[in-house]
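Chains as they are written, first to last, in my numbering: chain A, 16 to 510; chain B, 1190 to 1632.
Worksheet: one structure, shown below.
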Amino acid sequence: MTTEHKTKSSSWKNKFREKLIEIIGNEGVIYTEDELIAYDSDALAGHRIKPIFVVLPSTAGQVSQVIKECHKEEVPFVPRGAGTGLSGGALPTEEGIVISLSKMNKILDVDIPNQRVVVQPGVVNLWVTNAVSPHGYYYAPDPSSQLVCTIGGNVAENSGGVHCLKYGATTNHVLGVEMVMPDGEIIEVGGKTLDHPGYDLTGLVVGSEGLLGIVTQVTLKIIKKPQTVKTLFASFDHVEDAGASVSGITARGVIPAGMEIMDSFCIQSVEAAVHAGYPVDAGAILLVELDGPEAEVEAQMPIVEEVLKHNKAIEIKVAKDAEERELFWKGRKSAFPAMGRISSDYYVQDGVIPRSKLAEVLSEIAELSEKYGLRVANVFHAGDGNLHPLVLYDSTKEGDLEKTLELAGEILRVCVDKGGSITGEHGVGYDKKSHLSLMFDENDLNAMNLIRCAFDSKGLCNPGKLFPTPRTCVEPGMKTYHVHPVQKKGMGEMY
Amino acid sequence: MLKKSVINNLRNIVGEGNTILESDSLKAHSLDDVMPKAVVFPSSVEEVSEIMKLATKHSLSVIPTGGGTKSFLGNKPPSADIILSTKNLNQVLEHASSDLVATTQSGISIEDLQSELGKENQFLAIDPPHIQHGASLGGIIASNDSGPLRFRYGTFRELLIGLKVVQADGSIFKGGAKVVKNVAGYDLPKLFVGSLGTLGIIVEATFRLYAVPEYSQTYLANFSSIDDCHNALMMLTSSDLAITSLELINPTLALALSENNSIKYKADNYLLAVRIRNVEQAVKDQISKAKQICSNNNGSGTVLSDEVELGFWDDVINFPWALSNTQRTVSKASVLVSDIPKLLMSLDALSSKNGITPYVSVRAGSGICIISFSAEDSNTIASINSLRSFAAALGGHLVVQEAPISVKSEIDVWGDLGSGRSIMKKIKSNFDPDNILNPGRYI
Chain A
16 MTTEHKTKSS SWKNKFREKL IEIIGNEGVI YTEDELIAYD SDALAGHRIK
66 PIFVVLPSTA GQVSQVIKEC HKEEVPFVPR GAGTGLSGGA LPTEEGIVIS
116 LSKMNKILDV DIPNQRVVVQ PGVVNLWVTN AVSPHGYYYA PDPSSQLVCT
166 IGGNVAENSG GVHCLKYGAT TNHVLGVEMV MPDGEIIEVG GKTLDHPGYD
216 LTGLVVGSEG LLGIVTQVTL KIIKKPQTVK TLFASFDHVE DAGASVSGIT
266 ARGVIPAGME IMDSFCIQSV EAAVHAGYPV DAGAILLVEL DGPEAEVEAQ
316 MPIVEEVLKH NKAIEIKVAK DAEERELFWK GRKSAFPAMG RISSDYYVQD
366 GVIPRSKLAE VLSEIAELSE KYGLRVANVF HAGDGNLHPL VLYDSTKEGD
416 LEKTLELAGE ILRVCVDKGG SITGEHGVGY DKKSHLSLMF DENDLNAMNL
466 IRCAFDSKGL CNPGKLFPTP RTCVEPGMKT YHVHPVQKKG MGEMY
Chain B
1190 MLKKSVINNL RNIVGEGNTI LESDSLKAHS LDDVMPKAVV FPSSVEEVSE
1240 IMKLATKHSL SVIPTGGGTK SFLGNKPPSA DIILSTKNLN QVLEHASSDL
1290 VATTQSGISI EDLQSELGKE NQFLAIDPPH IQHGASLGGI IASNDSGPLR
1340 FRYGTFRELL IGLKVVQADG SIFKGGAKVV KNVAGYDLPK LFVGSLGTLG
1390 IIVEATFRLY AVPEYSQTYL ANFSSIDDCH NALMMLTSSD LAITSLELIN
1440 PTLALALSEN NSIKYKADNY LLAVRIRNVE QAVKDQISKA KQICSNNNGS
1490 GTVLSDEVEL GFWDDVINFP WALSNTQRTV SKASVLVSDI PKLLMSLDAL
1540 SSKNGITPYV SVRAGSGICI ISFSAEDSNT IASINSLRSF AAALGGHLVV
1590 QEAPISVKSE IDVWGDLGSG RSIMKKIKSN FDPDNILNPG RYI
């Protein structure tokens, strides 16, 4: 499987376009240069590639027909939701098409008694909660982009959010999918009932970054709103103390619904933007949300406060009502956009570390920031050790971006060295594929490639992503080629 | 018999004392009456790798096993050359208690693991059967077995975050990570949960832990009608109670359990057990709410605490494996929670038609029904087939977990794998091109 695809002639393109129009209709095929520009990147805007066409199918049948054509003509295709991804997962492929699922945006089934919702991939994350909240339920995964990002994209990236510490990420809330395989076949895996016999293909497809096929329907689990919710923030002089508080809280057996840290950079820019009531002179704040039965939350509150005080919290403020709680969260959720006020450009990193290492990693990041002469703002899902360092830079300054990427790479190396991961929720995509080998050796990557080859032996589905180097598929029935010892010693050649 | 050279090689790899080759001893390791040719107990990941290289070279089938407590799972194997036991791979490699994560070798028994974790007041949130008989961590992962705790914590799929695997050709890979949140690369841990040793041999696992809750009680309610019982169940699942386990037990099993456990039980009643584990006050508040919901639906019962409570759940977890097993067939049917009464009604209809007496325990919040009965082969097969199509019509399915060999040869224990079947086959053949890992039993 390679990522290079031959340049197609314009007569071939015309014919192919006609074929696509035949399948979807004129209004579902985008081919003018002006319109194609809108699809040349996702939220990782530093990389741009214009697709040859964009198609907007309305049914799984249309997706299947389009993919069958791509399969026949060996045209690579890239699935796309709302394009809010931060790792370039929806970046088009040279000489390839983009399949946008934005027209497949219907909620198909809301089954309150069984706590299931079946949706098309283009449904926006927040719509699911909106559809079930009158019944007292919600959909737990809540990425910051939940107002616009789609369930299909969430499935591809296994999106998290501020509440996945206690409730898990997308993979813990998806029970089944209907998908179009890279050869056009439509299959259904999992479903509304549990424990389907056979391999857990649903678990494999969630987080596969659109490399295994195109999901056309998703069965989700919804959960009941908790009896009580309490949110507090604590301010600290040093971000390290906030970090130590986090592992202190989990070590006491308390698993809050969410724990978020912001450092002084973030606090200042957020306060200027949304006035969440954070103390602007603090070195860091830690936001803690407890939920569950009232008596449980009541019992946990003093434990949390004790840990915070032990770690030198200056001020602890408990939200007095739902309104104030919203405000606390609003500050956190607007951290990325607010950063635009203090720096014209920033690069978001997405490393993960064991939460017990938070304090030491934060110190190392501060040292790296100094070494590179670039400011790093820290805002992160501290509860599950998911860091989002924002490297602030100036794109008009020669060499600043290169330096930024280098620093960001160093941060990932620190994360992996501490036993962590290069991505907690944004995915590897195009952006971090070269960093994947920090975590996985050749054997590990080969095992992953066995999966990809089972689904997509031609390598047409979202190629050029995730894997550090292009990998080929061994034809079924052919054994893996082993080097003969004589060859290895350089004593013989294979002819 | 294995070739002399293969036997010597096996002995060289694991050591004389870690092999079983005599037919008298091998008989005890038979799978569905198929006697293996060798049982080996490697003590390191490298030894597992060497065994797999040898097996690949000679095209020998390898059946991975841990505690050996679920050797009845799967279709009858066509042959069994080598049973590879992970029993000696039983070390806790890391218990990062403040991260609520542990990494261990796969052969560790759940019992040993829990007692180790218990020292830090933590536990692995899974309570499948066979623990007292030595069920291992790797075996639970490979079979995706679970118990009543799944309502609150899910199955191993929600707990496993990383693993190390020896492939059919002996190469070693890892997947996932040691942190609770990670999306780097494909989610290999998910693929291996429930893969029944067909894709590789799990040698290490990293999983998330929870703190042991401070207090526990169970409200056990009697209902004279399934409708009342089910209404109470639906009200409980849609309430804001933080329930740990929720079990619905049919009258036949209820009677058997009450004889065993001296619990108060009214004849011909369904039982609904609501377990809450939390801080003491939260347990008491919620148990009284659960009681109210049951009583609003004509249910009455008792609160179980301490040893009585533990004994009750122990019986539920180990059902039906603790009951006598003459010609027993155990099935796991999965339906929607709202369809549980329909499945129970269809079972009642079958019992009069086919002369079976089913014992049923339902993980009521998950729709998982564990059904056990004993009957003549022909009646068993007819009952399985009708139940399976009934479950399928409800959007569910039925897997036969244990059955007499004569029954197993007549049915596929897994049933319809659906439209994902061919991709499962491709994954299997990519990971195990010579089909030597647990062949014929699953995929």
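Yeah, the Cβ is synthetic: ideal placement off N, Cα and C, and Gly gets one too.
Note that the structure is a prediction, hence the values are computed from the model and not measured.
Taking C-beta to C-beta, are Val376 of chain A and Val429 of chain A nearer than 7 Å? Between Val376 of chain A and Val429 of chain A, the C-beta spacing is below 7 Å.
Mind checking which residues open and close the alpha helix (DSSP H) that includes Ser1238 of chain B? Under the DSSP assignment, Ser1238 of chain B falls in the alpha helix (DSSP H) whose first and last residues are Val1234 to Lys1246.
Since Ser26 of chain A is in the alpha helix (DSSP H), which residue starts that stretch and which ends it? Residues Ser25 to Ile39.
Can you find a CB in chain D that lies within less than 7 Å of the CB of Asn326 of chain A? Absent from the structure: chain D. Protein chains present are A and B.
In this structure, does DSSP put Pro149 of chain A in helix, strand or coil? Pro149 of chain A: helix per DSSP, three-state reduction.
Within 7 Å of any Cβ in chain A, is that where the Cβ of Phe1620 of chain B sits? So, interface residue.
Is there at least one Cβ from chain B nearer than 7 Å to Asp124 of chain A's Cβ? Asp124 of chain A does not count as touching chain B.
Quick one: does Asn173 of chain A have its CB under 7 Å from some CB of chain B? Asn173 of chain A counts as touching chain B.
Please report how far the alpha carbon of Gly1256 of chain B lies from the alpha carbon of Val1281 of chain B, in whole angstroms. CA-to-CA, the gap between Gly1256 of chain B and Val1281 of chain B works out to about 16 Å.
Whose CA, out of B:Leu1626, B:Lys1617 and B:Ile1299, lies closest to the CA of Leu1380 of chain B? Leu1380 of chain B has its Cα closest to that of B:Lys1617, out of B:Leu1626, B:Lys1617 and B:Ile1299.
What beta strand (DSSP E) runs, 3 residues minimum, are completely inside the region 309 to 342 of chain A? The region 309 to 342 of chain A contains these whole beta strand (DSSP E) runs: 330 to 333.
Contact set between Gln1303 of chain B and chain A, taken where Cβ atoms lie within less than 7 Å: The premise fails here: Gln1303 of chain B is roughly 16 Å from chain A at the closest Cβ pair, so nothing lies under 7 Å.
Distance, Val1589 of chain B Cα to Ser1611 of chain B Cα: Those two C-alpha atoms are separated by around 21 Å.
Going by other Cβ atoms of all chains shown within 10 Å of its Cβ, with 16 needed for buried, is Asp1213 of chain B buried or exposed? Exposed.
Would you list, in chain order, the members of the region 1367 to 1396 of chain B that have their beta-carbon closer than 7 Å to a beta-carbon of chain A? Result list: Lys1367, Val1368, Val1369, Lys1370, Asn1371, Val1372, Ala1373, Gly1374, Tyr1375, Asp1376, Leu1377, Lys1379, Leu1380, Val1382, Gly1383 and Ser1384.
Burial state of Ile1271 of chain B, where buried means 16 or more other Cβ atoms lie within 10 Å: Ile1271 of chain B should be labelled buried.
Could I get the ranges of all uninterrupted alpha helix (DSSP H) runs contained in the region 360 to 439 of chain A, with 4 residues as the minimum, in chain order? Listed in chain order, they are 373 to 387 and 415 to 432.
Where does the unbroken alpha helix (DSSP H) through Met119 of chain A begin, and where does it stop? Looking at the DSSP string, Met119 of chain A is not in any alpha helix (DSSP H), and its letter there is neither H nor E.
Residue-chain proximity (Asn1420 of chain B, chain A), Cβ-Cβ < 7 Å: Answer no: the Cβ-Cβ gap between Asn1420 of chain B and chain A never drops below 7 Å.
Cα-Cα separation, Pro1622 of chain B to Glu304 of chain A: The alpha-carbon atoms of Pro1622 of chain B and Glu304 of chain A are separated by roughly 49 Å.
Using a beta-carbon distance below 7 Å, is Thr208 of chain A in contact with chain B? So yes, Thr208 of chain A belongs to the interface.
Beta carbon of Tyr54 of chain A, beta carbon of Arg32 of chain A: below 7 Å? Taking a C-beta distance under 7 Å as the contact criterion, Tyr54 of chain A and Arg32 of chain A do not qualify as a contact pair.
Assigned secondary structure, Ala1394 of chain B (DSSP; H/G/I helix, E/B strand, else coil): Strand at Ala1394 of chain B.
Just mark Asp456 of chain A as buried or exposed, buried being the case when its beta carbon has 16 or more other beta carbons within 10 Å. Counting every other CB atom within 10 Å of its CB across the protein chains shown gives Asp456 of chain A a total below 16, marking it as exposed.
State yes or no: is the beta carbon of Ile202 of chain A nearer than 7 Å to at least one beta carbon in chain B? Yes, Ile202 of chain A counts as interfacial toward chain B.
DSSP-derived helix/strand/coil call for Thr484 of chain A: Thr484 of chain A falls in the coil class under three-state DSSP.
Determine the direct distance from the alpha carbon of Ile368 of chain A to that of Phe1579 of chain B, and round the result to whole angstroms. Approximately 48 Å, taken between the alpha carbons.
Check the Cβ of Gln242 of chain A against every Cβ in chain B and list those closer than 7 Å, keeping chain order. Going along chain B in sequence order, the residues near Gln242 of chain A (Cβ under 7 Å) are Asp1429.
Report yes or no: do the region 1347 to 1362 of chain B and the region 442 to 462 of chain A share at least 3 C-beta pairs separated by less than 8 Å? Result yes; three or more Cβ-Cβ pairs closer than 8 Å.
What is the residue span of the beta strand (DSSP E) that Ala249 of chain A lies within? Annotation for Ala249 of chain A: the continuous beta strand (DSSP E) segment containing it runs Thr243 to Phe251.
What residues of chain A sit near Ala1285 of chain B, judged by a beta carbon separation below 8 Å? Listed along the chain, the chain A residues whose CB falls inside 8 Å of the CB of Ala1285 of chain B are Pro369 and Ser371.
Looking only at its chain, what residues have a beta carbon closer than 7 Å to the beta carbon of Asn1411 of chain B, apart from the 5 residues adjacent to it on each side? These residues qualify, in order along the chain: Tyr1454, Lys1455, Asn1458, Leu1460, Gly1488, Ser1489 and Gly1490.
Give me, in chain order, the residues of the same chain whose beta-carbon lies closer than 7 Å to that of Tyr153 of chain A; leave out the 5 immediate sequence neighbours on both sides. Thr144, Val147, Ile237, Ile238 and Lys240, listed in sequence order.
Contacting residues, own chain, Cβ-Cβ under 7 Å from Phe1312 of chain B (five flanking each side not counted): Close CB contacts of Phe1312 of chain B within its chain, under the 7 Å cut and outside five residues either way in sequence, are with Gln1303, Leu1306, Leu1398, Tyr1399 and Val1401 (chain order).
Residue-chain proximity (Val230 of chain A, chain B), Cβ-Cβ < 7 Å: Using a CB distance cut-off of 7 Å, Val230 of chain A does not count as an interface residue toward chain B.
Between A:His188, A:Ser223, A:Pro158 and A:Asp256, which has its C-alpha nearest Leu174 of chain A's C-alpha? Strictly speaking, residue 174 of chain A in this sequence is Ser, with Leu absent from that position. Among A:His188, A:Ser223, A:Pro158 and A:Asp256, the Cα nearest to that of Ser174 of chain A is on A:Pro158.
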